[in-house]
Every structure is written in structure tokens, then in C-alpha cells.
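A.B. asks: First the structure, then my questions, so here it is.
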Amino acid sequence: MLMDRIKNGLLIFDGLIFDMRRILQSDLVLNEPLPWPLYDEDGNLLFREGYVLSIPRHINALLARGAYAPEPPPDPSQQPTLALPECAVAVPTSDPVFIRADRLAMTLKRLHAHLQAATLKTELRPVILGLAHGILDACDEDADALLAALHLDRQHPYLVIQQLLGATLVEMAARELGLAESDRLSLACAALTRDLSLLPVQAQLDQQAGALTPQQAALVRSHPDRSAALLAEMGVTDALWLELVRQHHERFDGSGYPRGLSGDAILPGARLLAIADSYAAMVTPRPNRAGQFPRDALKALFLDRVRLYDDPLVQLSIKTLTMHPPGTLVRLANGEFAVVRSRQKLNESIDLWSLYDSSGMPILRPQYRDSTDPAHDITGSLRVEDCRSAALVLKRLWMQS
Numbered sequence: 001m002l003m004d005r006i007k008n009g010l011l012i013f014d015g016l017i018f019d020m021r022r023i024l025q026s027d028l029v030l031n032e033p034l035p036w037p038l039y040d041e042d043g044n045l046l047f048r049e050g051y052v053l054s055i056p057r058h059i060n061a062l063l064a065r066g067a068y069a070p071e072p073p074p075d076p077s078q079q080p081t082l083a084l085p086e087c088a089v090a091v092p093t094s095d096p097v098f099i100r101a102d103r104l105a106m107t108l109k110r111l112h113a114h115l116q117a118a119t120l121k122t123e124l125r126p127v128i129l130g131l132a133h134g135i136l137d138a139c140d141e142d143a144d145a146l147l148a149a150l151h152l153d154r155q156h157p158y159l160v161i162q163q164l165l166g167a168t169l170v171e172m173a174a175r176e177l178g179l180a181e182s183d184r185l186s187l188a189c190a191a192l193t194r195d196l197s198l199l200p201v202q203a204q205l206d207q208q209a210g211a212l213t214p215q216q217a218a219l220v221r222s223h224p225d226r227s228a229a230l231l232a233e234m235g236v237t238d239a240l241w242l243e244l245v246r247q248h249h250e251r252f253d254g255s256g257y258p259r260g261l262s263g264d265a266i267l268p269g270a271r272l273l274a275i276a277d278s279y280a281a282m283v284t285p286r287p288n289r290a291g292q293f294p295r296d297a298l299k300a301l302f303l304d305r306v307r308l309y310d311d312p313l314v315q316l317s318i319k320t321l322t323m324h325p326p327g328t329l330v331r332l333a334n335g336e337f338a339v340v341r342s343r344q345k346l347n348e349s350i351d352l353w354s355l356y357d358s359s360g361m362p363i364l365r366p367q368y369r370d371s372t373d374p375a376h377d378i379t380g381s382l383r384v385e386d387c388r389s390a391a392l393v394l395k396r397l398w399m400q401s
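Residue numbers (the UniProt record's numbering): 1 to 401.
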């Protein structure tokens with residue numbers, strides 16, 4: 001046989017070994033040539049390089065079945081994150097931010113797997129700093145694309161997206177506050193590691209439909225302190241980073257945990273992280289529950305802005321995200337389904353792009369819709385699952401150079 005089954009990410013072809021990876025929705029663009037050949041898990045060629053995929057349902061079936069592409073040869077200047085030196089950027093910055101979001105998620109997912117298997121062969125701090133720099137750079141270049149990618153992602157585990165989205169919101173709000181880059185890095189690092197000690201039980205918690213057992217509740221209430229302790233054991237010495245992790249579940253009225261701190265006893269950065277953590281947890285779906293719509297999550301934060309959170313920081317976070325953050329899927333008055341491409345600026349209309357016409361048929365190329373037209377009033381919210389057949393055309397909106 002010329003080909004053997006793909007095992008451990010390798011394809012054996014005529015005696016040669018190729019690194020392979022399973023493709024994701026973010027790797028494909030409808031009606032554009034494939035940049036590489038695609039294989040099934042048995043090593044059989046499915047499509048040659050240059051083939052044009054043009055039917056969304058065929059692509060959805062392909063993704064469900066599993067398709068693999070050869071990895072490009074390693075670039076010495078852009079080694080995988082787990083081997084990067086301190087402060088290196090996590091992913092190649094030449095890629096559009098929407099694509100880099102997926103690479104950030106893949107890196108964090110791999111890191112979680114290494115930590116659970118105790119196979120991490122480098123220091124943790126440089127890896128997290130690399131991810132944090134990747135988030136800061138992506139926010140600097142195209143924060144709307146990063147927000148959209150994370151709001152729309154359904155490929156990666158809950159904890160991966162929840163932490164990346166929380167880190168993104170923290171970074172965006174911290175910029176608005178004018179914080180120094182060193183403090184913003186500490187905030188982003190804390191956002192990426194705040195639940196480190198929950199990794200061994202996270203999959204179980206994600207699946208569990210009933211209430212937490214007393215033992216699980218104790219693990220959850222102690223996880224901020226335990227996560228900070230793990231970070232310290234792994235060589236993290238940044239005092240701000242560690243204290244932010246310890247305090248990220250404290251609440252303004254003293255009802256939080258693990259220490260029941262209140263008001264000014266909570267670090268300003270931890271108050272901001274609490275808001276970002278709560279928002280990301282609400283909107284990110286888990287196997288045991290759907291995510292909330294962004295607008296509903298922001299309303300919930302607003303209602304609790306005095307009791308649980310720092311009121312000015314809640315209002316800053318809402319202003320930063322806007323009530324319809326990028327990637328929000330909505331129903332229009334004329335029956336069309338649309339997506340918000342960018343955050344609404346003061347005195348400007350919402351940046352709406354229609355994905356489905358009023359009969360429910362997908363539109364091959366998203367069409368701009370003037371939100372000041374009553375026919376384009378937003379009448380409801382939609383879930384990503386309602387728009388699966390538009391997943392590949394969606395990314396075009398954030399792939400412009």
C-alpha cells in the first residue's frame with residue numbers, strides 16, 4: 001500500500017512521513033481554491049490542491065467526517081508556541097486576525113493537554129506570555145475580528161474559548177483605561193490561567209447537568225487560590241498576575257470567594273477580570289447548556305453592576321463591547337438573518353451584513369444592510385447553530401487585508 005492510516009497526526013505515503021492536522025471550519029473559504037490537498041483519516045485523497053469547494057452542506061459533511069491537510073514545513077523563525085522563547089508572539093502575525101484566533105485557541109488547547117498529561121517540556125510562563133502577546137497584538141490590529149472569531153467559535157473546548165474571550169475583553173477595557181503594557185500583560189496572563197486548577201475536572205463539569213456535589217463545590221470555591229499556587233509552583237513570580245488569579249471570583253458586595261473580599265479590598269484589575277470572566281462564561285456554550293446571547297449577558301452584568309461588580313468598570317466593558325459585539329447573529333425585521341461585523345461607533349449605524357435572505361436561503365456573499373432602514377431593525381438574536389450553512393462565507397467579512 002502506498003498509503004497507511006493517519007496516526008498521531010502523521011501520514012505515511014510511499015515511505016515518506018508527513019505531519020498532518022485535522023482541518024477546521026476556519027481553514028476553509030467557500031468558492032476559493034484549496035491551498036493544500038485533503039485526505040480522510042485512512043490517508044485516501046479527497047480533494048487535490050486547488051479544488052474549489054462551493055456547496056456549504058458538502059463542506060459541513062466533510063468537516064463532520066474528518067479531513068486532514070499536510071502541515072507546511074516548519075519555519076525556524078516561527079516555531080510552535082510550546083517551544084517559543086519568552087515574550088514571543090504565539091502565532092504568525094502575517095495571518096488575518098480571524099485566522100490567528102483559531103491558532104491561539106489551538107495553542108491553548110495543546111497547552112491544557114500538556115498540563116493535564118504532565119508532559120510540558122518548557123516553562124509555563126513563556127508560553128502564557130506568548131499567548132498574551134498574541135492577544136495584545138491581535139487587539140491592536142483588528143479587535144473586531146478577534147471578538148467575532150471567539151463569539152462564533154464552536155470548534156474548541158469551553159474553557160479554551162472562555163479564557164481567550166475573557167482575556168480579549170480585559171485587554172480591550174484595560175487599553176481604554178490607559179494601563180501600561182506591563183499591567184495589561186499581567187491581566188491577560190491572569191485571564192488565561194485563572195482556572196488552571198480546574199483542568200482535571202473541567203470536562204466533567206461541562207457535561208454535568210445536575211447540581212455540584214459538595215466535593216465539586218469545594219473544588220470550585222478553592223480554585224482561585226489553588227490555581228495561583230500551581231502557577232507559583234511552575235515558576236510564575238509576577239505578584240500582580242498571581243493576585244489577580246486569586247481575586248477573580250471576589251464580588252463587590254463580599255459574596256464572592258475564596259476570601260469574601262469586598263469593595264476597595266479587591267484589586268481594580270481583579271474587578272475588571274471578574275466582569276470579563278462572567279461575560280465570557282455566560283456567552284460561551286458548554287455541552288450541558290447553551291451560551292447566552294451577548295446582549296442578554298451584557299444586560300445581566302448591567303443589572304448587577306452595583307451589587308456584584310464595579311459599576312464604572314461594567315459600564316466601560318459594555319461601552320467597549322457594545323450591545324451587539326462583532327460576531328453577534330441577529331434576525332432582521334424583513335426576515336433576513338444577519339451578523340454584526342464591527343463594534344458600533346458613536347452616532348453611527350450598526351455594521352450589519354445579511355447572510356440569509358427572507359426565505360431562509362443562504363447568500364453566497366454577505367450583503368451590507370443599513371440598520372437605519374426599518375426593514376433592517378434587529379428583532380431577535382440567533383445562535384451559531386442556526387447559521388451553520390453560512391459558516392464558511394461568514395469569515396470573508398473579517399478576512400479582508
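Ideal Cβ placement from N, Cα and C applies to all residues, glycine included. Small disclaimer: the values here were computed from a predicted structure and weren't measured.
Excluding the 5 residues preceding and the 5 following Gly263 in the sequence, name in chain order all residues of the same chain whose CB lies nearer than 7 Å to its CB.
C.D. replies: Phe252
A.B. asks: Across which residues does DSSP place Glu353 in a beta bridge pair?
C.D. replies: Before going further, note that residue 353 is Trp rather than Glu in the sequence given. Beta-bridge pairing links Trp353 to Val339 and Tyr368.
A.B. asks: Nearest to residue 404 by CA position, among Ala290, Asp386 and Ala333, is which residue?
C.D. replies: No answer is possible for residue 404: it lies beyond the span of the chain, which begins at 1 and ends at 401.
A.B. asks: Residues in its own chain within less than 8 Å of Val89 by CB, not counting five upstream and five downstream?
C.D. replies: A caution first: Val89 carries a pLDDT of 38, below 50, which makes its placement in the model unreliable, though a value can still be read off. So the qualifying residues of the chain are Gly130, His133, Gly134 and Asp137.
A.B. asks: In the DSSP assignment, what are the bridge partners of Arg331?
C.D. replies: Phe337 and Gly380
A.B. asks: Going by Cα to Cα distance, which pick from Leu159, Ala173 and Leu179 is closest to Leu198?
C.D. replies: Leu159
A.B. asks: Measuring alpha carbon to alpha carbon, tell me which of Lys299, Pro70 and Asn60 ends up nearest Glu49.
C.D. replies: Looking at the Cα atoms, Pro70 is the closest of the given residues.
A.B. asks: Considering Leu164, what are the terminal residues of the alpha helix (DSSP H) in which it resides?
C.D. replies: Tyr158 to Glu176
A.B. asks: Taking the beta carbon of Met361 as the centre, do at least 16 other beta carbons fall within 10 Å, making it buried, or is it exposed?
C.D. replies: exposed
A.B. asks: Taking just the CA atoms, how far does Pro126 sit from Gly235?
C.D. replies: If you take the alpha carbons of Gly235 and Pro126, they lie about 10 Å apart.
A.B. asks: Between Ala375 and Leu352, which are expected to be in contact by the criterion C-beta below 8 Å, what is the C-beta distance as a whole number of angstroms?
C.D. replies: Actually they are not in contact, since the Cβ atoms of Ala375 and Leu352 sit about 11 Å apart, beyond 8 Å.
A.B. asks: With DSSP run on the structure shown, which of helix, strand or coil describes Gly15?
C.D. replies: Summary for Gly15: the model assigns pLDDT 35, below 50, so the residue's position carries little reliability; its value from the coordinates is reported in the next sentence. It is coil, neither helix nor strand.
A.B. asks: Taking the CB atoms as reference points, tell me whether Gly327 and His151 lie closer together than 8 Å.
C.D. replies: yes
A.B. asks: Give the range of the beta strand (DSSP E) segment to which Leu46 is assigned.
C.D. replies: Leu45 to Phe47
A.B. asks: Could you name the residues that DSSP lists as bridge partners for residue 427?
C.D. replies: Nothing about residue 427 can be read from this structure; the chain reaches only from 1 to 401.
A.B. asks: Could you check if His58 is buried or exposed, using at least 16 other CB atoms within 10 Å of its CB as the buried criterion?
C.D. replies: exposed
A.B. asks: In the DSSP assignment, the beta strand (DSSP E) including Pro56 goes from what residue to what residue?
C.D. replies: It is not in any beta strand (DSSP E) - Pro56 instead sits in the alpha helix (DSSP H) that spans Pro56 to Arg65.
A.B. asks: Which same chain residues, not among the five before or five after Pro80, have their C-beta less than 7 Å away from its C-beta?
C.D. replies: The predicted position of Pro80 is uncertain, since its pLDDT is 40 and thus under 50; a value taken from the coordinates is nonetheless stated next. Cβ neighbours of Pro80 beyond the five flanking positions: none.
A.B. asks: Where does the unbroken alpha helix (DSSP H) through Pro224 begin, and where does it stop?
C.D. replies: Pro214 to Glu233
A.B. asks: Name the one or two DSSP bridge partners that Leu38 has.
C.D. replies: Phe47
A.B. asks: DSSP beta-bridge partners for Ala69?
C.D. replies: Paired residues: Arg21.
A.B. asks: If you reduce the DSSP assignment to three classes, tell me which class Pro96 lands in.
C.D. replies: coil
A.B. asks: Which residue from Ile275, Asp296, Arg286 and Glu336 puts its Cα closest to that of Asp311?
C.D. replies: It is Ile275.
A.B. asks: Do Asp183 and Leu240 have their C-beta atoms closer together than 8 Å?
C.D. replies: yes
A.B. asks: Should Thr320 be labelled buried (16 or more other beta-carbon atoms within 10 Å of its own) or exposed?
C.D. replies: So Thr320 counts as buried.
A.B. asks: Can you tell me whether Arg100 is buried or exposed? The criterion is at least 16 other CB atoms within 10 Å of its CB, across all chains shown.
C.D. replies: Around the beta carbon of Arg100, a 10 Å sphere encloses 16 or more other beta carbons of the protein chains shown; the residue is thus reported as buried.
A.B. asks: Exposed or buried, which one is Gly166 when buried takes at least 16 other CB atoms within 10 Å?
C.D. replies: buried
A.B. asks: Give the range of the alpha helix (DSSP H) segment to which Leu240 is assigned.
C.D. replies: From DSSP, the alpha helix (DSSP H) with Leu240 extends over Ala239 to Gln247.
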